[in-house]
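Just so we're aligned: the sequence shown equals residues 1154 to 1805 in the working numbering.
I have placed the structure first, in the form of structure tokens, so that the comments after it can refer back to it.
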Amino acid sequence: MSTQTHAFQAEVAQLLHLVTHSLYSNPEIFLRELISNASDACDKLRFEALANPALLEDQPNLEVRIAFDKAAKTLTVTDTGIGMNEAEAILHLGTIAKSGTKDFFAQLSGDQKADAQLIGQFGVGFYSGFIVADRITVESRRAGVPASEGVRWVSRGAGEFEVEPITRPERGTSVILHLRDDALDFADAWKLKELIGKYSDHIALPIKMEGEKWEEGKEEGQPGQMVKTGEWETVNQATALWTRPRKDVTDEQYVGFYEQLAHDWQPPLAWSHNRVEGSTEYTQLLYIPGHAPLDLWDRDRKAGIKLYVRRVFIMDDAEQLLPRYLRFVKGVVDSADLPLNVSRELLQESRDVRAIREGNTRRVLGMLEDLVKAEPAAAPPSGAADGVTDVQDKNDAPTGADKYALFWREFGAVLKEGLGEDHANRDRIAQLLRYASTTSDGVTVSLTDYKARMKDGQKAIYYITADTLAAAKNSPQLEVFKKKGIEVLLMTDRVDEWALSYLRDFDGTPLQSVAKGAVDLGDLQDEAEKKAAEQAAENVKPLLDKLKHVLKDQVEDVRVTARLVDSPACLVVQDAGMSMQLARMLKQAGQPVPDTKPVLEINAEHPLVKKLEGSDHFDDLAHILFDQAVLAEGGLPDDPAAYVRRVNTLLA
Ligand code: ADP
1154 MSTQTHAFQA EVAQLLHLVT HSLYSNPEIF LRELISNASD ACDKLRFEAL ANPALLEDQP
1214 NLEVRIAFDK AAKTLTVTDT GIGMNEAEAI LHLGTIAKSG TKDFFAQLSG DQKADAQLIG
1274 QFGVGFYSGF IVADRITVES RRAGVPASEG VRWVSRGAGE FEVEPITRPE RGTSVILHLR
1334 DDALDFADAW KLKELIGKYS DHIALPIKME GEKWEEGKEE GQPGQMVKTG EWETVNQATA
1394 LWTRPRKDVT DEQYVGFYEQ LAHDWQPPLA WSHNRVEGST EYTQLLYIPG HAPLDLWDRD
1454 RKAGIKLYVR RVFIMDDAEQ LLPRYLRFVK GVVDSADLPL NVSRELLQES RDVRAIREGN
1514 TRRVLGMLED LVKAEPAAAP PSGAADGVTD VQDKNDAPTG ADKYALFWRE FGAVLKEGLG
1574 EDHANRDRIA QLLRYASTTS DGVTVSLTDY KARMKDGQKA IYYITADTLA AAKNSPQLEV
1634 FKKKGIEVLL MTDRVDEWAL SYLRDFDGTP LQSVAKGAVD LGDLQDEAEK KAAEQAAENV
1694 KPLLDKLKHV LKDQVEDVRV TARLVDSPAC LVVQDAGMSM QLARMLKQAG QPVPDTKPVL
1754 EINAEHPLVK KLEGSDHFDD LAHILFDQAV LAEGGLPDDP AAYVRRVNTL LA
């Protein structure tokens, strides 16, 4: 009578369809997801009970119980955690409230294999139960409310679910899976224990199963059978993984812990587990994931560090524990010094937190440096100076160098933000940068490599920023560098120009944009070339004045350049100016852009420029020259129709 039917939020219905159609290949993960939710529910209760001990009622034990009934074809995961009331069950089990949801659905392709991979990254949580169940019943009661305020939630995983009030004396939640016929092998003690060992051994709570014993048949000829003993035994280690000495933790366990912490099914690239002693005492277990999450660029993206204080869970997403530019790192910090009632506000001001944040930052940079070295094991422990007593950094295949390339592809653009954000570690971050370059086909180069290859007489590290690699590679500004065989770094990330404004030099060598300021090749030009350039500049002086006059609304200046070989003209910005590419990007994003004009540089040797002198169509040619320079560097003429008209006039 009091049963209400609700429709799932559209995204949930879509996700459920995917879960039941794409995840057959790895059905067992459902158990990890449900145990993880049960464990989170207990953590939440433990935390709320710090302020309100009455919530623990007469059942202070926080635990997870796994039960099955072969005959009834059910598997039940019960926890004594925080529980849900009716409104919470409707909200939490009927909608998805996760950042990155929109991106996730936008990226789905319909290809089952690719989509299964994506779902793995997104994390299906509770809904993974429908991989093995054709119906799920959830019974729950929130801690601290009367037994009569329990709720039952039932769904077949299609478009809708039902809820009704129930009486439930026990606090917490039971998730009852009505197993499909093809999933009945999960109703088996051995199988379940194996899976718990594989995925959930490190969960800090006891996971219990009812004991079984063999009972002979009662009469002659009747087969014996396994019967339940009524005694519940703990089947996992039930100590928080990070509190164990590292020698007692296997690689599989570290990876298993990561998978449930990050809701990521792919193994991490590296991890680092340390107990830090000194002015502040804490344990850190930090992981570098193997791939970028869908919401890496989401402004509201949650940070990846869970904070515990003396093993009590305090909060997810403790953003104070790592700088923004390391937001891809996942892990746990367990502090011995912070108060249990620490709030987000308090975290911002805490000196201990600042020390932990700095320690974590150094540790992550150290892990990345270790990945760079081909033999990570041979590296000296990078944290020795900050009171780290117990160091273990683990990496599995592929080799360090390959892994760093993988890391860079996934997270390089985020790490670059550190140049602007983390002054103290700028030099270490600069060592970790990688860029495409004009001379290194396909592979990225470090600034150290670049410096080692610099030509005699070369005084700067040259780079260019553009929207795409092709645009960068073919930019006219590169012509003289190509001719002289000088390497130029090609930068195509949106963040590059902003980030580089914080990195004026690397190891004493200035970084110089080839599209900014006058080109000064210095000692890279020989005397004859310098003379010729001066002569050319002298000769075209009247032409420059004429161009300046015609293009006075568009350009700041017109000058002769040594940077061009094949092109007649190009645009550059003043030394301290914003590149045209960045200005364009900001304009598109609706941001204010300083109103500065570029400099038109011309190639005095080019036949077109030579022809310009005595032409009857001087004005048209001048405008075409300018508009083409805009086009060549990836922009659009202000008045495309006028450009077309002028070109056509000349063609005709
Ligand atoms: P996630 O765990 O990533 O938030 P889920 O789909 O697994 O996503 O769960 C959705 C929400 O349902 C959880 O955030 C939690 O609020 C609630 N929930 C799930 N399982 C339980 C449980 N055993 N006890 C209490 N709340 C739960």
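Backbone N, C-alpha and C fix where the C-beta goes; we use that ideal spot for every residue, glycine too.
Is residue i near residue j, with beta carbons less than 9 Å apart?
i, j, result
"G1457", "D1448", "no"
"R1737", "G1788", "yes"
"I1188", "I1219", "yes"
"Y1411", "P1420", "yes"
"E1317", "S1155", "yes"
"A1742", "R1712", "no"
"A1583", "L1600", "yes"
"K1223", "D1341", "yes"
"V1725", "K1669", "yes"
"N1214", "T1229", "no"
"K1361", "W1385", "yes"
"L1500", "L1460", "yes"
"E1758", "Q1630", "no"
"A1194", "G1325", "yes"
"R1497", "M1468", "yes"
"I1284", "I1329", "no"
"K1483", "L1414", "yes"
"A1393", "A1357", "yes"
"Q1734", "E1680", "no"
Leaving out the 5 sequence neighbours to the left and right, which residues in its chain are closer than 8 Å to residue i when beta-carbon positions are compared?
i, result
"H1170", "none"
"S1654", "G1573"
"P1376", "G1370"
"Q1817", "The chain is shown only over 1154 to 1805; residue 1817 falls outside these bounds and no answer can be derived."
"Q1212", "T1233, E1323 and R1324"
"V1172", "I1272, V1277, Y1280, S1281, F1283, I1284 and G1310"
Taking the alpha helix (DSSP H) that residue i falls in, what are its first and last residues?
i, result
"Y1411", "D1404 to A1415"
"S1192", "I1182 to A1204"
"F1779", "F1771 to A1785"
"I1582", "R1579 to L1585"
"I1349", "A1342 to Y1352"
"N1494", "Taken as a continuous stretch (DSSP letters only), N1494 belongs to no alpha helix (DSSP H), as it is neither H nor E."
"W1651", "D1649 to L1653"
"Q1741", "M1733 to Q1741"
"S1175", "A1163 to S1175"
If you drop the 5 nearest sequence neighbours on each side, which residues of the same chain put their C-beta closer than 7 Å to that of residue i?
i, result
"L1643", "Y1588, A1589, S1590, T1591, I1617, L1622, A1625 and K1626"
"L1261", "D1268 and L1271"
"Q1162", "G1247, T1248 and I1249"
"Q1545", "Residue confidence for Q1545 is low, a pLDDT of 48 falling below 50, so the modelled location carries little weight and cannot support an answer."
Quick check: is the beta carbon of residue i nearer than 9 Å to any beta carbon in chain D?
i, result
"L1438", "No chain D is present in this structure, which holds just one protein chain."
Please name the residue in the options whose C-alpha comes closest to that of residue i.
i, options, result
"A1311", "L1332, E1323 and Q1167", "Q1167"
"Y1435", "R1463, L1739, T1231 and E1368", "R1463"
"L1784", "D1728, G1610, D1620 and D1646", "D1620"
"I1249", "M1237, F1279 and T1231", "F1279"
"V1693", "L1674, K1764 and K1705", "K1764"
"G1350", "E1313, T1403, D1334 and H1331", "T1403"
"R1515", "D1490, K1556 and D1580", "D1580"
"N1801", "H1770, A1782 and D1791", "H1770"
"G1253", "E1405, V1486, V1525 and K1455", "K1455"
"E1405", "L1493, A1795 and D1354", "D1354"
In the DSSP assignment, the beta strand (DSSP E) including residue i goes from what residue to what residue?
i, result
"S1327", "G1325 to L1332"
"H1245", "Run containing H1245: none in the beta strand (DSSP E); it sits in the alpha helix (DSSP H), E1239 to H1245."
"R1288", "A1286 to R1294"
"I1617", "I1614 to T1618"
"A1423", "A1423 to V1429"
"Q1437", "Y1435 to I1441"
"M1468", "V1465 to M1468"
"R1305", "G1303 to S1308"
Once you ignore the five residues that flank residue i on each side, which residues in its own chain have a CB closer than 6 Å to its CB?
i, result
"P1322", "A1300"
"S1720", "P1629"
"A1296", "L1198, L1208, I1235, G1236 and R1324"
"P1533", "Confidence is the limiting factor: at P1533 the pLDDT is only 37, short of 50, which leaves the residue's position unreliable, though a coordinate-based value still follows. Counting only Cβ-Cβ distances below 6 Å, and skipping sequence neighbours, we find nothing."
task = Evaluate the contact criterion for the stretch 1440-1447 versus the stretch 1554-1565: three or more CB pairs, one atom per stretch, below 8 Å.
result = Result yes; three or more Cβ-Cβ pairs closer than 8 Å.
key: Any 3 or more C-beta pairs closer than 8 Å across the stretch 1766-1782 and the stretch 1695-1712   = Yes: at least three Cβ pairs fall under 8 Å.
ask   = Does the stretch 1306-1321 come within contact of the stretch 1202-1211, defined as at least 3 CB pairs closer than 8 Å?
value = Segment contact: the stretch 1306-1321 against the stretch 1202-1211, fewer than three CB-CB distances shorter than 8 Å; contact not assigned.
query = Between the stretch 1565-1574 and the stretch 1470-1485, do three or more beta carbon pairs fall short of 8 Å?
reply = Short answer: they touch.
Contact the stretch 1156-1164 vs the stretch 1231-1251: 3+ CB pairs below 8 Å = Short answer: they touch.
task = Say whether the stretch 1679-1686 touches the stretch 1743-1750, bearing in mind that this needs 3 or more beta-carbon pairs closer than 8 Å, one atom from each stretch.
result = Touching, no.
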